[in-house]
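To start, the structure under review is shown below, and the notes come after it.
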DNA sequence: GAGTGGTCTAGACCACTTT
DNA sequence: AAGTGGTCTAGACCACTCC
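Residue numbers (my numbering), protein chains in the order written: chain S, 715 to 947; chain Z, 715 to 947.
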């Protein structure tokens, strides 16, 4: 066989999630039913489901069933927002300002984003933590994938929840590139801090279920009271 | 049963690696032999081995066998050194200066490191990339775990290879806490750059096979020509 | 050809959740 | 009690590596 059977089952389930047959939060058929339907044994269906669980595409609970993962503010924060307080706790930032504009993409954005879009939405937001300025985040997404997005302002704290629930676009992984920099004059005014302040700059590419790059994000963090936590294993 | 059988098998294999019965690079018994010896089926032995492979404790290759992972400069770099060039390639730094001293631990180190050591080695090193200063790294390890370490100077580029091969201490995961900062006067002199330069500071805790914190490391990176890459999934 | 890991099956029983 | 995922077994065959 060119492709393992469990891979075929895996792909088929992804397809059904993408096309809406298994909507977010819904229960999938049992291992036996899925196996019977697709003509494989329970063990093979199980292996596909285990793989899907590892990538957090489904959630399984003994005695209950297997469910399509529903992005919530909690799990979205936990997976994609890596700031921790000095005590090691997850930082839950307070929303600050927000601005959404439609504009032409630049060459870099056009090359990186799915569909080489000429038109993008730019979502700029600031956040605070314990009353102090914490960050600015600028997300750039293709307008094609997210029609009417500016009308939804104010946007939720966690964009990826909106992407899944309103646009059936599920971010499953992302890559950050981190550098040190200085705040800069423009941003310093926005956040009300000194322009020479050192900041942590994170450039992110976000990938969805179908492997498409659907968001480019540049985050600027003030790391006086928080740190960006990375686990390597 | 209180503990799954495959977990018992997993723990037993770890034990055998730690006590030297399965030395680094050596081949383990086959799934069948391992199962027979421990009184479980091949499938159960397999599940334990798969778990060990996921955590990179063993490597498996079809037709060859299962081997205790041997830390090499290559895989050590790949797993624990996250700097990438602008083109996205792994950065291979050039060694700079090196200094190893024995000193008393401070309260923080004593509390965090395994065995609450009063005596530690401090390994300070600088690195360059493409001829430019890149980083300073200061590692702190208990003297008890690494006797005679200063005599081994110059140390290899990748400490973790030495830890495994000379001290049977296998680092399997680590956690970095990242912040932005400024270089500072002292370090600026060492590296020959401006003291006000923004830098990326990474504080690391490294854990070995037995779950012990065996190293605290503070790295200071100049991110003019590199970025610290993080994959979230 | 012998030995290894990789895939797949069929069936059993356990642990947990819901009705 | 019924239905789910979790563990475990025994056995088959395939794909790959090495001798």
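Cβ atoms here follow ideal geometry from the backbone N, Cα and C, with glycine treated the same way.
- Closer than 9 Å to the CB of residue 937/S there is at least one CB belonging to chain Z.
- By the Cβ test, the segment 866 to 882 of chain S is not in contact with the segment 743 to 750 of chain Z, since fewer than three Cβ pairs between them sit closer than 8 Å.
- For the pair of segments examined, the segment 897 to 911 of chain Z was found not to touch the segment 855 to 869 of chain Z: the number of CB pairs separated by less than 8 Å stays below three.
- Contact with chain S is found for residue 796/Z, since one of that chain's Cβ atoms lies less than 9 Å from the residue's Cβ.
- With a 10 Å radius around the Cβ and a threshold of 16 neighbouring Cβ atoms, residue 815/Z comes out exposed.
- For residue 893/Z, at least one C-beta of chain S is nearer than 9 Å to its own C-beta.
- Contact of residue 922/S with chain Z is not assigned, every C-beta pair being separated by 9 Å or more.
- In terms of beta-carbon proximity, residue 821/Z stays away from the interface with chain S, with every pair separated by 9 Å or more.
- Taking the beta carbon of residue 888/S as reference, the chain Z residues within 7 Å of it are 946, listed in sequence order.
- Distance from residue 724/S to residue 730/S at the Cβ level is roughly 11 Å; contact not present, criterion being Cβ atoms closer than 8 Å.
- Residue pairing of residue 814/S in beta bridges, as defined by DSSP: 837/S.
- Taking a Cβ-Cβ threshold of 8 Å, none of the residues of chain S is close to residue 874/Z; the smallest such distance is about 11 Å.
- By the beta-carbon neighbour count (other beta carbons within 10 angstroms, threshold 16), residue 761/S is buried.
- The Cβ atoms of residue 890/S and residue 943/Z sit closer than 9 Å to each other.
- The secondary-structure analysis by DSSP pairs residue 895/Z across a beta bridge with 913/Z.
- Straight through space, the alpha carbons of residue 831/S and residue 813/S are spaced by roughly 20 Å.
- Residue 913/S has a beta carbon lying within less than 9 Å of a beta carbon in chain Z.
- Leaving aside the five residues that flank residue 901/Z on each side, the residues in its chain whose CB is nearer than 7 Å to its CB run, in chain order, 850 and 934.
- Within the same chain, and ignoring the five residues on either side of residue 852/Z in sequence, the residues whose Cβ sits closer than 6 Å to its Cβ are 838 and 932.
- The C-beta of residue 900/Z comes no closer than 9 Å to any C-beta of chain S.
- With fewer than 16 other Cβ atoms from the protein chains shown falling within 10 Å of its own Cβ, residue 811/S counts as exposed.
- In the three-state scheme derived from DSSP, where H, G and I count as helix and E and B as strand, residue 761/S is classed as helix.
- Within the segment 765 to 791 of chain Z, the residues whose Cβ lies closer than 7 Å to some Cβ of chain S are 769, listed in chain order.
- Between the beta-carbon of residue 834/S and that of residue 823/S there is about 6 Å, and that keeps the pair under the 8 Å contact cut.
- The C-beta of residue 917/Z comes closer than 9 Å to at least one C-beta of chain S.
- In the DSSP assignment, residue 929/S falls within the beta strand (DSSP E) that extends over 927 to 935.
- Between residue 732/Z and residue 923/Z the beta-carbon gap is near 6 Å, inside 8 Å, which marks them as a contact.
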